[in-house]
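Down below is the structure, laid out as structure tokens.
Protein chains in written order, with my numbering: chain S, -5 to 486; chain P, 2 to 244.
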């Protein structure tokens, strides 16, 4: 796979291109509205949903408060169970561990369970550079990989594709990666799934090394947990002789009773199911059953940076359910690619700057602004991440990171506004000027029912508003002036 | 608090609030020192610039029993964001003043239903109306069905259901110009839903959102007009007049 998010333009530019893609808009509107309806139905069935959300948030917060202790406990339990634990500060270190394990077994291919952590670190590209092919086995990840495409959703990475497009991808690209698709492949979902099943089966039976992430890591028993729908993950977790799991350090939960809460929250929030079809758990090595060599790579890659952020650290509660993407009106229209990361949508808009740092690239700095702050994400989040508040805090960090240099027009406008809004008298003067503009425009524009005059396209900085929207003509008299003239309406 | 947007662009909404509250026996003042709630600065990331604006806010409104505003968004800003700005200022005096003022800020429908305890405000407006619950009134303040309870008590008013009513219109403050294309895409879908209802008037509790959706409806020559909730509740005659 050569597709990459590296070098993506800032959100407004990427969004403009995506918004023009009518097929994408239709695919996303259909898919997200379907998942939204399913989620609402199964969440409504749970009487104590709000209590579960509070519990989920509290468990994650308490764990993050003593993250160091829980991680050491996890390492101890894993090691006692026969696993080898590796610590990785960043993408390069984590990828090097996986490559070294694969090479120590002389393999040139690995099979992969769908994993956000390995996507985050571009593991497939790192392995390819070492001459190792990493085969995605999740159906949607396979579609993305075969199409030399990029994921656009956390849970449903090929959400931007419809079945006709998937048929084309299978027919064109499956042969180069292994067993080809049948020539008479139709776009019926069952036929597409069957083609993928036959293609993947060959890889499952051949691969000696499997690579996964983990949804959760239980510290006291050293158990990794993978939650999935297809069973392909379980094939990768059980068939190969060697298993390497790359796990973000925020995935740790102290005990199985903590896990209980998340196994209720996650499927309802993500796929809109009461329970996910496959939950695989494994603790190190079991003699004679499953992989006999088990490695766990504990990944930081910016998580400790996020943890140090007083407001933003709540993003580390995220269980990657995608509920925030599915309810987001911005995501629904732009799709995931516009966010320039494997983490798109509202959670991506906060997680990327938190992991990578604010003030490093224009693309990352544009993400906190990729939201109307409508709050639908916070309402849907199963672990109560207050995404709008984190977005606003990150916006302040973006602005602060650029203070000191040559001020942008926006910064000058904000300084002018701060001065104007500093006193009622100064605001009154500004309004008299705007009222004068209104009077000068006279009978320009059009009159709406009700009598309000509307202005059409405006020149200069007004164009961003008025290219698609009329603007009411400023009134000749502000409220403030009216109040003064009429003594609060007593002498009209 | 009339809000800066209403003061400068929609004075009729402010006048409607005055008319309506006086009709209900409230002693209404407009402290002339007031300007803006500082939300445009806070939500764009300019916290230092927000500090003097919040100072102006608390000094204008200190000492009143209630601060009533025809905007869910500005009420949300005062109640949820002023403390952030005060913390940024490092001034405990400002933090104390904010703690005193913020809880007294009410969005209009909250004040009418919760404080005055009225749902029928004696209004008359014989038109077909669709109501858009604005995001901050809905999710930041939790006004719930207060606005629709008020609308249902208006004589002659026919309230029609707006499909996907709770989805954001795409205004989002500076989002409307920083991400103009996405904002317009969201607003166009909202406008399409509004037109589908056959309503003559789209009503909401925030003129900023209405300026956005109304701007699209106007550009589309849709014939649908937008009105603030306050103007409908103040109306006592067939044509929307207040007198």
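Virtual Cβ for every residue (Gly too), placed ideally from N, Cα, C.
Residue 219(P) belongs to the set of residues whose beta carbon lies under 8 Å from a beta carbon in chain S. Taking C-beta separations shorter than 7 Å and ignoring five residues to either side along the sequence, the partners of residue 249(S) in its chain run 212 and 214, following chain order.
Residue 205(P): member of the beta strand (DSSP E) spanning 202 to 205, first to last residue.
Taking residue 146(S) as the centre and dropping the five residues before and after it, the same chain places the C-beta of 153, 154, 329, 330, 331 and 338 closer than 7 Å to its C-beta, in chain order. About 17 Å separates the beta carbons of residue 190(S) and residue 233(S), which is beyond the 8 Å limit, so they are not a contact pair. Around the Cβ of residue 419(S), a 10 Å sphere holds fewer than 16 other Cβ atoms; the residue is exposed. Taken atom to atom, the span from the alpha-carbon of residue 15(P) to that of residue 3(P) is near 6 Å.
Listed along the chain, the chain S residues whose CB falls inside 9 Å of the CB of residue 171(P) are 323, 324, 327, 366 and 368. Within the DSSP secondary-structure output, residue 204(S) pairs in a beta bridge with 105(S) and 237(S).
At least 8 Å separates the CB of residue 75(P) from every CB of chain S.
Within the region 415 to 428 of chain S, the residues whose Cβ lies closer than 9 Å to any Cβ of chain P are, in chain order, 415, 416, 417, 418, 419, 420, 421, 422, 424, 425 and 428. Its Cα nearest to that of residue 164(P), the residue 192(P) stands out among 139(P), 143(P), 113(P) and 192(P). Between the alpha carbons of residue 345(S) and residue 365(S) lies a gap of roughly 14 Å. By the Cβ criterion, the region 225 to 240 of chain P is in contact with the region 7 to 22 of chain P, since at least three pairs of Cβ atoms, one from each stretch, lie closer than 8 Å. At a cut-off of 8 Å, the C-beta of residue 69(S) has no neighbouring C-beta in chain P.
Any Cβ of chain P closer than 8 Å to the Cβ of residue 469(S) would place that residue at the interface, and such an atom is present.
Within chain P, 31 have C-beta atoms less than 7 Å from the C-beta of residue 477(S), given in sequence order. Boundaries for residue 71(S): no beta strand (DSSP E) harbours it, while the alpha helix (DSSP H) harbouring it runs 61 to 74, taken from the DSSP string.
Per DSSP, residue 448(S) is one residue of the beta strand (DSSP E) stretching across 447 to 449. With respect to chain S, the C-beta atom of residue 9(P) has a partner C-beta closer than 8 Å. Under a criterion of Cβ atoms nearer than 7 Å, the residues of chain P adjacent to residue 462(S) are, in order, 185, 217 and 220. Residue contact with chain S for residue 182(P): present (Cβ-Cβ distance below 8 Å to some residue of chain S). Relative to residue 162(S), the option among 137(S), 68(S) and 380(S) whose CA is nearest is 137(S). Between residue 221(S) and residue 133(P), the alpha-carbon positions lie close to 39 Å from each other.
Residue 129(P): member of the beta strand (DSSP E) spanning 129 to 132, first to last residue. When only Cα atoms are considered, residue 311(S) and residue 433(S) end up about 54 Å apart.
Residue pairing from DSSP places residue 291(S) in a beta bridge opposite 80(S) and 240(S).
Per DSSP, reduced to three states, the secondary structure at residue 252(S) is helical. Burial check for residue 180(S): the Cβ neighbour count within 10 Å stays below 16, so the residue is exposed. In terms of Cβ geometry, residue 108(S) and residue 70(S) do not form a close pair [threshold 8 Å]. Here the region 66 to 78 of chain P lies against the region 197 to 211 of chain P, with 3 or more beta-carbon pairs under 8 Å apart. Counting only runs that start and end inside the region 61 to 146 of chain P, the beta strand (DSSP E) elements of at least 3 residues fall at 68 to 70, 106 to 108 and 129 to 132. Between residue 239(S) and residue 201(S), the CB-CB gap reaches or exceeds 8 Å. Inclusion of residue 59(P) and residue 42(P) in the CB contact set at 8 Å is not warranted, their separation being larger than that value. In this structure, residue 144(S) and residue 5(P) do not form a Cβ contact; the two beta carbons are roughly 42 Å apart against a cut-off of 8 Å.
Residue-level contact check: residue 213(P) touches chain S, since one or more beta carbons of chain S fall below 8 Å from its beta carbon.
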